[in-house]
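Engineer: Below is one structure. I have some questions about it.
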Amino acid sequence: MLSVDTSAIDRFANMFAAAGPKAQAAVRRAAKRTGEQTRTAMRPALVKATGLKPRVIHRALKIVTTDDGFKIVSRGGKIRLKHFGARETLRGVSAAPRGQRQVFAGTFIKGGRFPNRKTLNMGGQVFERLPGVKRWGGPVRLVRSEVTIPEEMVAGEPARVFIATARKVFSQRLSHELSRVLLGYG
0 MLSVDTSAID RFANMFAAAG PKAQAAVRRA AKRTGEQTRT AMRPALVKAT GLKPRVIHRA
60 LKIVTTDDGF KIVSRGGKIR LKHFGARETL RGVSAAPRGQ RQVFAGTFIK GGRFPNRKTL
120 NMGGQVFERL PGVKRWGGPV RLVRSEVTIP EEMVAGEPAR VFIATARKVF SQRLSHELSR
180 VLLGYG
């Protein structure tokens, strides 16, 4: 035999009925606060999954609240190697996308001959020469990793943290906000 405990649903139904038209505002406040707490919980998981610094992840994640919930959104494509702790070596630039350090052969950050290379004052960007171009002079292109924040958000540990935190926090926040409305504070 299967049974379902509906006491929590009954309690919320009673609170919604008592709150009346102010219930929708309470739901929006609960969703906004749940979004903030979920974004905060996702950050360490995204830092570990991408290899990016926490401040980069902090700036990339935005919360969008709607009448019926919230979304955590991020835009953008492949992230430049400079954000992964890039440093120049004899064989190329060493960087750590997804937390795994690797050497990108033929890439550079500085100019000149070893060991007296000079900083190019390009903000730490990583470049490579276009194929078939002579070594001195000629066009170069910016090097990007295969990491994109939007893809990393919906896979693996960050997605699991999002679901677990949102489930846990939303009912607590909704109960709190409805109680504030019923007590005359909302």
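Heads up: the sequence shown at position 81 corresponds to 80 in numbering that gives the first Met the number 0, and the numbers run straight through without jumps.
Even glycine gets a Cβ: it sits at the ideal position worked out from N, Cα and C.
Following the continuous alpha helix (DSSP H) through A29, name the residue where it begins and the one where it ends.
Structural biologist: Start at 1 with the first residue of the sequence shown, and residue 29 comes out as number 30. Start and end: A22 to T49.
Engineer: In angstroms with no decimal places, state the Cα-to-Cα distance between R32 and T49.
Structural biologist: Within the sequence shown, the letter at position 33 stands for residue 32. Within the sequence shown, the letter at position 50 stands for residue 49. Cα-Cα distance, rounded: 25 Å.
Engineer: Run the CB neighbour count on P96, radius 10 Å, all protein chains shown included, and call it buried at 16 or more, exposed below.
Structural biologist: Taking the sequence shown and counting its residues from 1, the one referred to as residue 96 is at position 97. So P96 counts as buried.
Engineer: Does R10 pass the burial test, meaning 16 or more other C-beta atoms within 10 Å, or should it be called exposed?
Structural biologist: Position 11 of the sequence shown, counted from the first residue, corresponds to residue 10. That one is exposed.
Engineer: At the level of alpha carbons, what is the spacing between P149 and R54?
Structural biologist: Here residue 149 refers to the residue found at position 150 when the sequence shown is read from its first residue. Here residue 54 refers to the residue found at position 55 when the sequence shown is read from its first residue. Near 16 Å, if we compare the C-alpha coordinates of R54 and P149.
Engineer: Restricting to runs no shorter than 3 residues, where is the beta strand (DSSP E) found entirely within the region 68-117?
Structural biologist: Qualifying beta strand (DSSP E) stretches, in chain order: 68-72, 91-94 and 101-104.
Engineer: Nearest to V146 by CA position, among A12, G98 and T65, is which residue?
Structural biologist: Here residue 146 refers to the residue found at position 147 of the sequence shown. That would be G98, whose Cα lies nearest to the Cα of V146.
Engineer: Are the beta-carbon atoms belonging to E42 and I56 less than 8 Å from one another?
Structural biologist: For the purposes of this step, residue 42 is taken as the residue at position 43 of the sequence shown. For the purposes of this step, residue 56 is taken as the residue at position 57 of the sequence shown. The sequence given here has Arg at residue 42, not Glu. Yes, the pair counts as a contact, with Cβ atoms nearer than the cut-off.
Engineer: I'd like to know if the region 167-174 and the region 117-126 are in contact, where contact means that at least 3 CB-CB pairs between them fall below 8 Å.
Structural biologist: No: the two stretches stay apart, fewer than three of their Cβ pairs being nearer than 8 Å.
Engineer: Using a 10 Å radius around the Cβ and a threshold of 16 neighbouring Cβ atoms, would you call F113 buried or exposed?
Structural biologist: As a working mapping, residue 113 is identified with position 114 in the sequence shown. Classification of F113: exposed, given that the 10 Å Cβ count is below 16.
Engineer: On the CB-based measure, 16 or more other CB atoms within 10 Å of its CB, does I108 come out buried or exposed?
Structural biologist: The residue you call residue 108 lines up with position 109 of the sequence shown. Buried is the call here.
Engineer: Give me whichever residues DSSP pairs with F126 in a beta bridge.
Structural biologist: The sequence position of residue 126 within the sequence shown is 127, counting from 1. Paired residues: F107 and L141.
Engineer: Between R86 and the rest of its own chain, which residues show a CB-CB distance below 6 Å, the 5 nearest in sequence each way excluded?
Structural biologist: For this step, residue 86 is matched to residue 87 along the sequence shown. Hits under 6 Å: S93.
Engineer: From E176 to T39, what does the alpha carbon distance come to, in whole angstroms?
Structural biologist: In the sequence shown, the residue the question calls residue 176 occupies position 177. In the sequence shown, the residue the question calls residue 39 occupies position 40. Approximately 20 Å between the Cα atoms of the pair.
Engineer: What are the partner residues of K167, as DSSP defines its beta bridges?
Structural biologist: Looking up residue 167 in the sequence shown gives position 168. Answer is none; K167 lacks a bridge partner.
Engineer: For the alpha helix (DSSP H) containing V63, name the first residue and the last one.
Structural biologist: What you label residue 63 is simply residue 64 of the sequence shown in a count that begins at 1. Note, V63: premise wrong, no alpha helix (DSSP H); beta strand (DSSP E) at K61 to T65.
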